[in-house]
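In UniProt numbering, the protein residues as written are 1 to 145. We put the beta carbon where it would ideally sit given N, CA and C, even for glycine.
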């Protein structure tokens, strides 16, 4: 077997070092644990701060959206109110137009009856003229129906 060359004493001491005492090991472990704990705490705190900023941004966005929704609802209510007013006006105009139409129909029926009566009288007068060649005195008028 081959032997490794002998190392100087100071190299051996640097590489292997003296045997540590348990108290030193405990202190080193506690130091590492404390640093790890504080690092974890700092990481969590940093993350919480980021989350708090995001919550603030989201709350601001929510407030803006709610204000926009309220404005839209107010505009919608105004449009509905205007549409209802216009609908009421159109209904009133329709009622007036329907009443005027019904009145005109009544007048038309009356005028048609009067025209029919006048045609009947005209035909009777023509018949009398055709019979005698002259106009006879008119008969007593019958009341119009």
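Backbone CA spacing between residue 35 and residue 23 [nearest angstrom]
The C-alpha of residue 23 is placed about 18 Å away from the C-alpha of residue 35.
Looking at the structure shown, is residue 8 part of a helix, part of a strand, or coil, going by DSSP?
It is coil, neither helix nor strand.
Using the Cα positions of residue 126 and residue 115, report the straight-line distance between them to the nearest angstrom.
Each residue's alpha carbon lies about 16 Å from the other.
Between residue 94 and residue 87, what straight-line distance do the alpha-carbon atoms span, to the nearest angstrom?
Cα to Cα, residue 94 sits roughly 10 Å from residue 87.
N- and C-terminal bounds of the alpha helix (DSSP H) containing residue 126
Unbroken alpha helix (DSSP H) run through residue 126: 22-132.
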